[in-house]
Structures are given as structure tokens and as C-alpha cells.
Amino acid sequence: MKYILSIILFFLLAGALSAQNEQDQVIFKAMQDEMQRSKEQLMLPGMQKPYYLSYTLGRTHQFEVVGTLGGVTNFYESPWSAVGGVQMFLGDYDHNNDINYVCASVQAGMPEQADYDVIRRNFWLGSDAMYKWSLQAGAMKDAYLKANPKTAEEAAVKDQQKVDAVTRIEEPKNAYTIDRVKLENIVEELSAIFKDYKDIYDSSVAITGQEMEVYKSTTDGVVLKEPLRYASLVASAYVMTEDGVRIDDAYSVLVARPDDLPSLDELKKGVKAFADNLIKLKNAPAITEYYAGPVLLEDGACSSVFISNFLKRGALFAYRKPDTDRAQPVKTLDARLGMKIVDNRVSIKNYSSLDKYNGVPLLGAYNIDAEGIVPAKEMTLVENGIFKSMLNGCTPTLYAPQSTGSSRFLLSSRNGMFSTAPGTIHIEVEKGTKPEKMKSALIKAAKEEGLKYAYIVRSLAGKASRIYRVDLDGKETQVRFGDVSGLTLINLKRMLNISSKENVSNYILNGQLLSSLIYPSSILVENIEINKSDVKKDKEQVLTFPLQR
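Counting in my numbering, the sequence shown runs from 1 upward without gaps.
Structure below.
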């Protein structure tokens with residue numbers, strides 16, 4: 001029977017790869033052949049054989065263009081390079097050697113060009129190293145569980161979910177073009193804008209990007225090829241206040257490809273607005289007194305609050321406590337399932353394959369996850385404020401025993417490592433307030449508390465946070481150096497007002513995962529504290545800045 005199944009799997013794989021290019025066929029055949037050898041022969045006398053193997057190979061192509069004050073200071077485009085990864089489990093799906101319940105993998109160097117023999121050899125070396133590590137990890141795990149036995153309920157949870165065989169070869173829809181002349185012109189034009197700002201130091205504009213292909217094959221019969229790509233434009237600079245405090249800030253745009261960057265005119269408007277705001281921040285008065293009361297959070301500040309509360313490890317993502325004393329504990333929301341965790345008007349959904357919303361492309365879109373699970377197109381995590389479910393991969397937990405297809409490949413790791421993450425999170429609001437009425441609601445709340453003023457926060461970025469004091473007549477005054485606290489789930493359980501208008505943004509979650517967020521453009525939250533920051537002065541510059549000479 002096993003022989004027949006292996007023959008069927010071979011022909012399915014051969015059929016799926018027959019339409020692919022020669023490089024793909026070489027990579028997948030080398031993976032399959034070496035994996036079969038490892039599964040059959042990789043065993044030390046008296047020790048367990050691996051029951052699960054996963055081979056990945058990531059090919060990456062990167063570029064960077066940097067400019068300062070109208071001139072290009074650096075251009076770099078890497079050749080394609082490749083790195084492999086080996087993941088392995090001993091034991092069985094009920095109890096294996098996985099001690100930390102994260103994607104533990106051994107890295108294996110790979111050739112730049114697809115070479116069958118070299119790929120097999122390097123996966124062989126990686127498998128040998130991973131097998132020895134797995135034996136050690138299994139012994140450590142067994143010793144820990146003997147000293148720290150689980151409850152019967154916890155012990156019944158399997159260590160790994162078996163995945164059905166699937167083959168999915170995905171190719172990018174559009175070419176990833178690195179046009180050096182065009183990109184250098186953009187950098188020159190944008191960086192030249194700072195010539196008009198003699199009080200802005202160390203300005204630069206950089207366009208960077210990465211094109212990546214991840215190949216994966218497992219003993220569960222999962223065969224994947226997935227493209228990952230992005231391009232990012234970042235303008236950065238700093239100013240010095242009159243009392244010698246340095247304020248660094250940045251303006252950024254994230255898209256899928258260099259060709260998807262906004263027009264040059266639109267980018268110029270964005271960079272000029274960034275420079276103007278930096279000067280305004282430099283000249284703004286510092287916060288000098290303590291404030292506690294209602295605060296209106298808009299745009300970037302609003303998204304920061306949602307990300308920090310809902311998209312951190314252990315929040316809406318399932319978390320399996322490691323079987324070791326060496327891991328740092330993580331606070332989770334597991335115990336709050338079925339309970340209210342946010343305002344009743346708020347529901348939170350996860351979209352997987354949705355690739356556009358209100359005309360904005362969503363970089364978080366994907367069709368199959370890094371472990372071979374096809375996710376539901378839409379999943380409700382919070383419904384009318386009640387915590388309903390969590391995103392998870394193939395590591396079962398007590399409260400999330402099945403994968404939701406939420407294992408995502410990391411941009412920062414070419415050897416196929418992955419982590420539980422969303423595609424696109426949509427924070428929906430029922431019966432929201434018109435955006436033009438949010439400021440009036442803030443002033444009304446301040447009056448009811450007997451306050452002389454209130455605050456609007458438009459970005460949370462340390463010393464570069466954009467904070468505005470609002471008088472009761474509606475006049476706004478930008479201020480600086482304010483520590484904002486109290487932006488936690490407790491204060492989000494009852495919000496005074498939530499905007500009906502939505503913003504859409506793409507970002508790289510934790511610097512590793514392409515994600516998207518659809519969220520209310522503003523929220524009005526009470527009981528927020530703002531106090532003066534304890535900022536340190538920087539040393540005076542020895543030489544005069546050239547634009548000031």
C-alpha cells in the first residue's frame with residue numbers, strides 16, 4: 001500500500017512540475033530524493049528515526065539606492081543567492097521533540113544556480129546536523145516533562161497537526177523590475193528637497209527592495225513554491241531643538257514592486273510634508289504638565305495602538321508554552337476567549353487571499369500558508385467586542401487545536417522559517433461616528449471632565465510623536481516630548497467614539513512579515529495619561545552644517 005501511494009505521489013508531483021522551468025524541477029527533485037534517503041536511512045543505533053522532514057530553499061535578489069541632497073551616494077543590486085533550511089521531528093504527531101514550538105531549523109548553504117548534486121549534498125549535511133540537535137532537544141523535553149508533568153487536558157493536545165498532501169506552485173503576476181536610471185532619478189529628486197531646509201540634518205532618501213522565491217517539500221506531501229516581494233521608500237532626517245535635543249523621524253512608503261511606487265509628484269508632496277512637519281516639531285513648545293483625560297488618536301497613532309494590542313505575540317495568535325525553563329514567558333489572551341476584550345462596536349476579521357480593498361493593494365494577501373494549509377478567505381477573531389478565536393499554525397494549543405492556515409514565511413529568513421501571522425486584519429466598526437465630528441466629541445468630553453484642553457495624537461514615534469493640544473474653542477497647538485500611556489486593552493473596552501471612516505495600510509509586522517491593516521481612521525479614548533518626557537540633550541556639533549554656512 002505504501003508503495004502504491006509513493007508511486008501516486010511521484011506522478012502527481014511530476015505532473016505539477018512538468019510545466020515548470022528547469023530550475024524548479026532540479027530543486028524539487030533534489031529535495032525529494034534527499035528527503036526520501038534521509039527518511040529511510042537517517043538513524044543512529046538505538047535512536048528514533050525522524051517521522052517528519054521539511055526542506056526549504058529560498059532564493060533572494062535585493063537592491064538599494066540611497067541619495068543625499070540631490071546626489072546618489074550608493075547603488076547596490078545583489079546577484080541571486082540561495083539558502084536552504086531543514087526542519088525535523090522525531091517521535092510522532094502526538095509527542096515529538098519540538099521543545100520551543102517555533103520553527104526550529106538548521107540552515108544549509110545552497111548554490112547560486114540550481115545544481116542537483118550540490119543541493120542534495122547540502123541538504124544531507126543539514127539533515128545530519130538537525131538530526132543530532134533533535135535528539136538532544138527530545139531528551140531535554142522528556143526530562144522537563146518528567147519534572148513538570150502536564151494536566152490531563154494539556155497532555156491530550158497533540159504536538160503537531162498532520163497536513164494533507166498538496167502541491168501549489170505560485171508564480172508572481174508581474175515582473176519585478178529594478179530600473180536603475182529611474183530609481184536613481186527618484187532618489188535624486190526627492191533628496192534634493194532637503195536643500196531648502198538648513199535646519200534639517202543627515203537627510204537621506206533610500207529605496208530598497210527584495211524579490212524572493214521560497215521552495216518547500218515535506219514528508220507529509222506538501223510541495224510549495226511561493227514568491228515574496230516588496231519595495232520600500234524611506235526618507236529620514238533629524239532636527240535639533242534650541243535646547244539641544246535631537247529628534248529623528250522618517251517618512252515611508254511600502255509597495256510590492258518598484259514599479260508600484262506612487263508618482264514622483266506624489267512622492268515629492270509626501271517628502272516635503274515630512275520635512276515641513278519636522279521643522280514644526282522642532283519649533284513646537286514642550287509639554288510641561290501632566291494630563292489625564294480623553295485623547296483623540298488619529299491615523300498612524302490609531303494603527304499603532306491596534307497593532308501593539310492585537311498583533312503582538314500571544315494576543316490574537318495562538319501560543320504554545322515551550323517545554324523548557326529557558327524560554328521567556330509570554331502573556332496571552334487565551335483565558336479571555338468568549339469574553340469582551342474591546343468595545344462592543346468593534347469586530348476583527350482576518351482575510352487571507354483578499355488582494356485589494358477600496359482600491360488599495362493589500363500586501364498581506366496569500367493563498368496557502370507556509371505549512372501547506374489553505375486558509376479560509378475570511379475568519380472572525382472578535383465579534384462585537386467578544387474574543388471568538390485565534391490564528392494558529394500546525395502546532396495545536398489547548399484553545400486553538402487546529403491550524404487556521406496562518407503560518408507565514410519570514411522575509412528576514414531565506415531558509416524557510418515561518419511564524420504565525422495574519423494576512424489582512426480588518427477592524428470593523430458598527431455605527432461609527434462621522435470623522436468630522438470626532439474632534440467635537442473630544443472637546444465635549446474634555447468639558448464634561450472640567451478640563452481646560454485635550455489632546456489629539458496623530459503618530460506615536462517617541463520623541464517624534466505628533467501631539468496637538470486642543471483648546472476648548474478648537475484651536476490646535478503642536479507640542480512635543482510627551483509620554484503617552486494607558487493605550488491598553490483595558491481602555492479599549494469602552495471607547496467614547498470610533499470613526500466610521502477607514503484607513504488602509506501595508507506594513508512589515510515585526511520587521512519580518514508582510515501584512516495589511518484596515519482600521520478606523522480615529523478613536524476617542526478616555527483615561528489616557530500624557531506627561532512630559534525625560535529627554536536628554538545631545539552634544540553640540542563641532543563643525544557647522546554645510547547648508548548653514
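For every residue, glycine included, the Cβ atom is placed at its ideal position computed from N, Cα and C.
8 Å contact criterion, which residue i and residue j should meet: CB distance rounded
| i | j | result |
| --- | --- | --- |
| Asp248 | Arg494 | In fact, because the Cβ distance is near 35 Å, the residues do not count as touching under 8 Å. |
| Phe409 | Ala370 | 5 Å |
| Val214 | Gly416 | 6 Å |
| Tyr351 | Thr424 | 4 Å |
| Ile443 | Tyr291 | Contact flag wrong, Cβ pair sits at about 15 Å. |
| Val535 | Lys463 | 6 Å |
| Glu112 | Trp80 | 6 Å |
| Asp538 | Val245 | 7 Å |
| Leu460 | Ala301 | 5 Å |
| Pro520 | Ile368 | Contact flag wrong, Cβ pair sits at about 31 Å. |
Minimum C-alpha distance to residue i - residue among the options
| i | options | result |
| --- | --- | --- |
| Ile207 | Val187, Glu226 and Ser352 | Val187 |
| Val72 | Asp334, Ala30, Leu135 and Ser204 | Ser204 |
| Val305 | Arg458, Asp128 and Lys539 | Arg458 |
| Ala569 | Thr324, Asp471, Glu112 and Tyr399 | For the chain, the structure presents residues 1 to 549; residue 569 sits outside this window and is missing. |
| Ala315 | Glu526, Tyr455 and Pro422 | Pro422 |
| Leu398 | Glu112, Gly70 and Gln160 | Gln160 |
| Lys198 | Lys463, Leu69, Ala156 and Asp299 | Leu69 |
| Val26 | Ser217, Phe418 and Asp98 | Ser217 |
| Asn497 | Leu547, Lys377 and Val295 | Val295 |
| Ala400 | Pro172, Lys452, Val157 and Gln41 | Val157 |
| Glu184 | Ser413, His61, Asn74 and Leu489 | Asn74 |
| Gly221 | Ser419, Tyr51, Pro79 and Val542 | Tyr51 |
| Ser533 | Ile287, Lys349 and Arg326 | Ile287 |
| Ser232 | Ala335, Lys537, Glu22 and Leu261 | Leu261 |
| Gly372 | Lys349, Ser407, Gln107 and Ser465 | Ser407 |
| Gly138 | Ala165, Val166, Val106 and Asp98 | Asp98 |
| Glu526 | Ala445, Ser500 and Asn358 | Ala445 |
| Gln107 | Gln541, Tyr131 and Arg326 | Tyr131 |
| Ala365 | Gly432, Ser413 and Pro172 | Pro172 |
Status (buried if at least 16 other CB within 10 Å, exposed otherwise) for residue i
| i | result |
| --- | --- |
| Phe89 | buried |
| Thr151 | exposed |
| Met47 | exposed |
| Pro45 | exposed |
| Arg469 | buried |
| Leu53 | buried |
| Ile518 | buried |
| Val360 | exposed |
| Phe123 | buried |
| Thr339 | The amino acid occupying residue 339 in the given sequence is Met; Thr does not appear at that position. By the neighbour-count rule (16 or more Cβ atoms within 10 Å), Met339 is not buried but exposed. |
| Tyr3 | Reliability fails at Tyr3, whose pLDDT of 39 lies under 50, so the model's placement of it is uncertain and no value is given. |
| Ser263 | exposed |
| Gly109 | exposed |
| Pro149 | exposed |
| Tyr76 | exposed |
| Val429 | buried |
| Leu472 | exposed |
| Asn309 | buried |
| Asn503 | buried |
| Val271 | buried |
| Lys141 | buried |
| Ala454 | buried |
| Arg466 | buried |
Proximity below 8 Å, CB of residue i to CB of residue j
| i | j | result |
| --- | --- | --- |
| Gly58 | Met212 | yes |
| Leu363 | Asn506 | yes |
| Gly293 | Glu476 | no |
| Ile456 | Asn491 | no |
| Lys268 | Ile200 | no |
| Leu411 | Gln548 | no |
| Ala237 | Leu190 | no |
| Ser522 | Glu266 | no |
| Glu383 | Ser347 | yes |
| Ser78 | His61 | yes |
| Lys280 | Thr241 | no |
| Met35 | Thr219 | yes |
| Ala30 | Ile119 | yes |
| Phe28 | Gly209 | no |
Residue i CB to nearest heavy atom of the ligand PLP below 7 Å
| i | result |
| --- | --- |
| Met438 | The ligand content of the structure shown is nil, which means the ligand PLP is not present either. |
Any chain C beta carbon closer than 8 Å to residue i
| i | result |
| --- | --- |
| Glu378 | Absence of chain C from the displayed structure is noted, only one protein chain being present. |
Taking one C-beta from the segment 248-266 and one from the segment 94-112 each time, how about it: are there three or more such pairs within less than 8 Å? Counting Cβ pairs under 8 Å, fewer than three are found: no touch.
Across the segment 102-117 and the segment 220-236, are there enough close Cβ pairs to call them in contact, namely three or more that are closer than 8 Å? Touching, no.
Segment contact flag, the segment 385-392 with the segment 175-193, C-beta cutoff 8 Å, min 3 pairs: Contact between the segment 385-392 and the segment 175-193 is absent, because fewer than three Cβ pairs lie under 8 Å.
Any chance the segment 433-442 sits against the segment 274-290, with 3 or more Cβ pairs inside 8 Å? At 8 Å Cβ cutoff, the stretches do not touch.
Report yes or no: do three or more beta-carbon pairs, one from the segment 76-88 and one from the segment 114-134, lie closer than 8 Å? Yes, since at least three Cβ pairs between the segment 76-88 and the segment 114-134 fall closer than 8 Å, the two stretches touch.
Examine the Cβ distances between the segment 477-484 and the segment 327-334 and report whether three or more of them are shorter than 8 Å. Contact between the segment 477-484 and the segment 327-334 is absent, because fewer than three Cβ pairs lie under 8 Å.
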